[in-house]
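Worksheet for the structure shown next.
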Amino acid sequence: GSGVLIGFVDTGIDYQNPIFRNLDGSTRIVGLWDQTIQEGEPPEGMFYGTEYGEDEINEALRSDNPLTIVPSRDENSHGTFLASLAAGGVNEENQFIGAAPDAQIAMVKLKPAKQYLRDFYLIRTDAPCYQENDIMLGITYLNQLAERLGLPLVICIALGTNLGSHSANSPLTAILEVYANIANRAVVIGGGNEANQRHHYLGQMQDENETEQVEIRVGENVRGFCAELWSDALNLLAVSIISPSGEQTYRFPIRSEETDSYTFVLERTTVTIDYKVFVERLNAELIFFRFENPTPGIWTLILESESGLTNAGFHVWLPISAFLSSETYFLSPNPNITLTIPSYAENVITTSNYSDRNNSIYVRSGRGFTRDSGIKPDIA
Numbered sequence: 268g269s270g271v272l273i274g275f276v277d278t279g280i281d282y283q284n285p286i287f288r289n290l291d292g293s294t295r296i297v298g299l300w301d302q303t304i305q306e307g308e309p310p311e312g313m314f315y316g317t318e319y320g321e322d323e324i325n326e327a328l329r330s331d332n333p334l335t336i337v338p339s340r341d342e343n344s345h346g347t348f349l350a351s352l353a354a355g356g357v358n359e360e361n362q363f364i365g366a367a368p369d370a371q372i373a374m375v376k377l378k379p380a381k382q383y384l385r386d387f388y389l390i391r392t393d394a395p396c397y398q399e400n401d402i403m404l405g406i407t408y409l410n411q412l413a414e415r416l417g418l419p420l421v422i423c424i425a426l427g428t429n430l431g432s433h434s435a436n437s438p439l440t441a442i443l444e445v446y447a448n449i450a451n452r453a454v455v456i457g458g459g460n461e462a463n464q465r466h467h468y469l470g471q472m473q474d475e476n477e478t479e480q481v482e483i484r485v486g487e488n489v490r491g492f493c494a495e496l497w498s499d500a501l502n503l504l505a506v507s508i509i510s511p512s513g514e515q516t517y518r519f520p521i522r523s524e525e526t527d528s529y530t531f532v533l534e535r536t537t538v539t540i541d542y543k544v545f546v547e548r549l550n551a552e553l554i555f556f557r558f559e560n561p562t563p564g565i566w567t568l569i570l571e572s573e574s575g576l577t578n579a580g581f582h583v584w585l586p587i588s589a590f591l592s593s594e595t596y597f598l599s600p601n602p603n604i605t606l607t608i609p610s611y612a613e614n615v616i617t618t619s620n621y622s623d624r625n626n627s628i629y630v631r632s633g634r635g636f637t638r639d640s641g642i643k644p645d646i647a
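Heads up: the sequence shown begins at 268 in this note's numbering, then just goes up one per residue.
Have a look at this one:
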């Protein structure tokens with residue numbers, strides 16, 4: 268890793284940890300943008316957070332109270348863990364060394380997502396959750412820092428979500444592909460741990476008159492959840508819903524860019540449905556479901572083809588496990604196409620997890636392909 272900058276967009280870094288220092292005790296961290304601290308100077312071109320450079324971090328390390336100079340912490344420890352695996356130095360006591368112990372390090376500590384977004388997506392109260400625009404600005408900062416230092420840059424991201432097209436067409440995957448195609452830039456993304464969480468459903472209708480029932484088991488004390496159904500735009504699907512008590516909605520009509528809402532009388536559950544066609548530069552249909560205060564039990568989506576196509580497939584995804592307040596899963600799940608977004612970007616290096624205990628892919632490790640049959644992941 269000598270002469271290379273490895274940049275992370277995550278929960279922060281424990282800059283005082285000895286594995287991020289040189290032999291003389293100075294730091295290997297050349298840039299730290301903490302988006303949560305608003306008292307200092309933000310990076311050039313940014314308008315929030317505080318940037319700490321190598322000199323400030325070294326000053327803090329020489330101080331009796333480092334946090335008075337650089338008050339950035341990693342309360343979650345995920346970012347510290349990730350940085351230690353990729354670029355941690357020697358720790359003889361624990362017989363540990365990172366993959367690139369001579370690399371220089373940069374970290375973006377993301378600020379939490381705004382509350383109205385957490386409320387809309389019904390995300391569990393204590394779950395770490397971040398906004399796509401903050402992640403994108405963090406990537407921009409890492410690139411600007413590498414340019415300023417004249418170093419090649421590896422951008423390392425181990426964040427992910429289930430909601431999205433599961434192909435290389437979101438704004439975040441698009442910007443990652445831009446950086447992955449620049450000389451002296453590489454992007455590495457973790458594929459997540461959703462393979463065995465039962466959060467993906469793969470359906471296929473054999474003939475034009477067929478309907479398909481998608482059953483979702485909802486546990487106790489679930490505040491709510493969102494789900495997304497994706498299919499080709501030519502394969503337009505209409506939907507109705509049956510509650511655990513047997514109450515059934517009307518058949519929601521396909522009205523692009525409009526919202527339907529239905530409140531179940533017996534369950535006191537409200538379901539909101541959005542139809543969108545030709546989403547995110549895609550020839551695709553998206554049906555977005557939002558279940559608020561769902562009654563525990565089996566909820567059933569009844570899907571009917573409006574296009575008359577045969578052998579037409581579709582996918583449904585539930586949120587990642589961390590966002591759900593209790594068990595919520597498909598009764599007939601499919602473990603494939605369970606990589607999290609943004610790991611579907613085409614020109615990045617997408618990683619899955621390999622277990623040396625049984626010489627196979629780790630059971631929770633997200634699996635390919637992409638929704639449009641692209642080959643992912645790239646390496647385990």
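Virtual Cβ for every residue (Gly too), placed ideally from N, Cα, C. All figures in this text were calculated on a predicted structure; none of them were measured in a lab.
Task: Among Thr618, His466 and Ile569, nearest to Ser599 - alpha-carbon criterion - done: His466
Task: Three-state secondary structure (DSSP) of Asp277 - done: strand
Task: Cβ neighbours of Glu482 in the same chain (closer than 6 Å, five flanking residues each side left out) - done: Excluding positions up to five away in sequence, the list reads Ile565, Thr567 and Leu598.
Task: Whole-number beta carbon distance between Ala366 and Leu377, since they are thought to touch under 8 Å - done: Their Cβ separation, rounded to whole angstroms, is 23 Å, which puts Leu377 and Ala366 out of contact at 8 Å.
Task: Segment limits, alpha helix (DSSP H) that includes Val445 - done: Pro438 to Ala447
- [ ] For Asp623, count neighbouring Cβ atoms within 10 angstroms of its own Cβ and tell me buried if that reaches 16, exposed if not.
- [x] Around the C-beta of Asp623, fewer than 16 other C-beta atoms lie within 10 Å, and the residue is accordingly described as exposed.
TODO: Return the CA-CA distance between Gln387 and Val357, expressed in angstroms with no decimal places.
DONE: It is worth fixing the name first, because residue 387 is Phe in this sequence and not Gln. Going from the Cα of Phe387 to the Cα of Val357 covers about 44 Å.
Task: Secondary structure, alpha helix (DSSP H): runs of 4+ residues fully inside the region 351-398 - done: 382-387
Task: 8 Å Cβ cutoff met for Asn343 and Pro379 - done: no
Open item on the list: Assuming the contact rule is C-beta atoms closer than 8 Å, Gly641 and Ser434 should be a hit. Round their C-beta distance to whole Å, please.
Closed with: 7 Å
Open item on the list: Quick check: the Cα distance between Leu404 and Glu308, rounded to an integer number of angstroms?
Closed with: 16 Å
Open item on the list: Taking its Cβ as the centre, do 16 or more other Cβ atoms sit within 10 Å of Asn429, making it buried, or is it exposed?
Closed with: buried
Open item on the list: For Ile406 and Thr303, what's the separation of their Cα atoms in angstroms?
Closed with: 16 Å
Task: Member of Leu426, Glu321, Tyr621 and Ala494 whose CA lies at the smallest distance from the CA of Ile372 - done: Glu321
Task: Beta-carbon proximity check, Ile424 vs Ile456, cutoff 8 Å - done: Closer than 8 Å, so yes.
Task: Opposing strand residues paired with Thr648 [DSSP bridges] - done: Look at the range of the chain in this structure, 268 to 647, and you will see that residue 648 is not part of it.
TODO: Give the single residue among Pro333, Ile540, Asp281 and Val454 whose Cα lies nearest to the Cα of Thr530.
DONE: Ile540
Task: alpha helix (DSSP H) segment containing Ile565, residue limits - done: Segment Gly564 to Ser572 is the beta strand (DSSP E) holding Ile565; no alpha helix (DSSP H) there.
Open item on the list: Applying the 10 Å Cβ sphere with the 16-neighbour rule, what's the burial state of Val546?
Closed with: buried
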